[in-house]
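A.B. asks: My questions will all concern the structure given below.
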Amino acid sequence: MIGTSLRSRTAVAAGILCAVAATGQASAQDIELPGQLAWTAYDVGSGGYNQAVAIGGALKNELGIDLRVLPGRNDVSRQVPLRQGRVQFSATGVGASYLAQEGVFEFGGADWGPQAVRLLLAANGDGNLGIGVAADAGIETIADLAGKRVAYVVGAPSLNENITAILAFANLTWDDVERVEFSGFGAAWEAIINDQADAAFAASTSGQAYQLEASPRGLFWPPLPHDDTEGWQRLQERAPFFIPNDGTEGAAMGADNVNEAATYPYPVLTTYAEQDTSLVYNMTKAMVELYPTYQDSAPGINGWALDNQVFAWAVPYHEGAVEYFREAGVWTEEHDAHNDALIERQGVLAAAWEEMQGEEVAEADFEARWMEIRARKLEEAGLSVVFE
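For the sequence shown, counting from 1, position 137 maps to 161 in our numbering; every step adds exactly one.
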């Protein structure tokens, strides 16, 4: 289980934060990045895409750097350009970070396996991530999703596994709902507006959530009561990256309409372990020190602030990012220990994948055999399996 709330921020001295904000313009002159950068992100209109575009505007205005943002419909389509080196970074979610690290679902196939993913920075905002439903569908609790039309996005294991975990909160599975398949995140939410589905997963700050809220059907976020201990245990057994949160930012929620539910960092800025340390260091520096110039420019974007970072999450940070955080005075020995443990977990997974390569298995049996080896290796190392 990861923490108790993302409202628990990294302990950062106020003087350090003020210094970073005050010297942002001056220190920006010391940022060394290529004239053109490329990221992948979620679909056009998503919270992650909108934030990436806003950050690109700050990079252009302050440093003269062009940021090209490539939208991807699903986790694999966002990860392929990163793995191929066509983009340097990806503003993504748990699918192409945590699930890719774990080598499960779409990343459990023969052409993928566990990925050596690294973080630079994460957006920990005041919104939630959860199942949004049409307000006219008669769904007031997660249990009310039984028999309703729930969107399943093909090729998007993070979206689908998140729904699986949230359904588990109410002791439901996909067998208890009507699964309706869609080709992408945007299409799933358009289907709710068009009365072809009743529920889908999203960040509360995504453009699609606001569109549904403004539509005749309206938007509602079923709560995940924080005092439901058993419900939360079931949820976190399936998705340990989720933690309780009181959402106040986003469609159909606010300071006077708090959504007692869940969240995790979204988007997270990722790369691979082998990415150039200097490039990662300077990208992290730019994200932090240009923050005052893109603050408030998109829903959820304030989650990128340095004092919103949670350095003990589920995926390790890149050494270039760690170098910057150490210089900023916000990285501790405890963070080192946590990060080292996550890198060790990735090493165990890599060793399991190497063993898998020595197996002669029919294509139809590949994933099942991989999951057996993966579970055994993790158990032998005394680590949680999570996905079985």
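Where is the CB? At the ideal position from N, CA and C, for every residue including glycine. Nothing here was measured: the structure is a model prediction, and the numbers come from that model.
I'd like to confirm the pairing. Which residues does DSSP put opposite Ala338 in its beta bridges?
C.D. replies: Answer is none; Ala338 lacks a bridge partner.
A.B. asks: Rounded to a whole number of angstroms, what is the C-alpha to C-alpha distance between Leu83 and Ala147?
C.D. replies: Rounded to whole angstroms, Leu83 to Ala147 spans 17 Å at the Cα level.
A.B. asks: Helix, strand or coil for Leu248? Go by DSSP, reduced to three states.
C.D. replies: Under the three-state reduction of DSSP output, Leu248 falls in the coil class, being neither helix nor strand.
A.B. asks: Return helix, strand or coil for Ser239, following the three-state DSSP convention.
C.D. replies: Coil at Ser239, not helix or strand.
A.B. asks: DSSP state of Leu407, grouped into three classes?
C.D. replies: coil
A.B. asks: For the segment 273-300, list the beta strand (DSSP E) runs that are entirely contained and at least 3 residues long, ordered along the chain.
C.D. replies: 283-287, 292-296
A.B. asks: Note down, in chain order, each residue of its chain lying with its Cβ closer than 6 Å to the Cβ of Leu248, except the 5 sequence neighbours on either side.
C.D. replies: Phe193, Ala285, Ala286
A.B. asks: Which full runs of the beta strand (DSSP E) of 3+ residues lie inside the segment 133-180, going along the chain?
C.D. replies: Scanning the segment 133-180 from its first residue to its last, the whole beta strand (DSSP E) runs of 3-plus residues come out as 141-146, 153-158, 173-177.
A.B. asks: What residues are listed by DSSP as bridge partners for Ile267?
C.D. replies: Thr287
A.B. asks: What is the DSSP secondary structure of Leu91, reduced to helix, strand or coil?
C.D. replies: strand
A.B. asks: Indicate whether the contact test is met: 3 or more Cβ pairs, each with one atom in the segment 260-270 and one in the segment 311-320, closer than 8 Å.
C.D. replies: no
A.B. asks: Just verifying my parser: in three-state terms, what is the DSSP assignment at Val312?
C.D. replies: Looking at Val312 - three-state DSSP - the assignment turns out to be helix.
A.B. asks: Does the segment 140-160 come within contact of the segment 333-340, defined as at least 3 CB pairs closer than 8 Å?
C.D. replies: The way I'd put it, the segment 140-160 does touch the segment 333-340; three or more beta-carbon pairs between them come closer than 8 Å.
A.B. asks: For Glu202, which three-state DSSP category applies?
C.D. replies: strand
A.B. asks: I need the straight-line Cα distance from Leu303 to Tyr234, nearest angstrom please.
C.D. replies: 35 Å
A.B. asks: Three Cβ pairs or more, each shorter than 8 Å: is that satisfied between the segment 170-189 and the segment 377-390?
C.D. replies: no
A.B. asks: With a 10 Å radius around its C-beta and 16 neighbouring C-beta atoms as the bar for buried, classify Thr47 as buried or exposed.
C.D. replies: For Thr47, the predicted model reports a pLDDT of 42, less than 50, meaning its position is unreliable; a value from the coordinates is still stated below. Exposed is the call here.
A.B. asks: Indicate whether the contact test is met: 3 or more Cβ pairs, each with one atom in the segment 225-234 and one in the segment 68-75, closer than 8 Å.
C.D. replies: In short, these stretches touch, since the Cβ pair count reaches three.
A.B. asks: Thinking Ser127 and Trp377 are a contact (beta carbons under 8 Å), I'd like their distance in whole angstroms, please.
C.D. replies: Looking at the sequence itself, residue 127 is Gly, so the reference to Ser does not match. Correct: roughly 6 Å between the Cβ atoms.
A.B. asks: Please report the residue range of the alpha helix (DSSP H) in which Gln60 lies.
C.D. replies: Per DSSP, Gln60 belongs to no alpha helix (DSSP H); it is in the beta strand (DSSP E), 60-65.
A.B. asks: Go through its chain and collect everything with a Cβ distance to Gly207's Cβ below 7 Å, but skip five positions before and after it.
C.D. replies: Sequence inspection shows Ser at residue 207; the Gly mentioned does not correspond to that position. Counting only Cβ-Cβ distances below 7 Å, and skipping sequence neighbours, we find Arg97, Val178.
A.B. asks: Taking just the CA atoms, how far does Ala392 sit from Trp136?
C.D. replies: 14 Å
A.B. asks: Label Ser114 either buried or exposed according to how many other C-beta atoms from any shown protein chain fall within 10 Å of its C-beta, with 16 as the threshold for buried.
C.D. replies: buried
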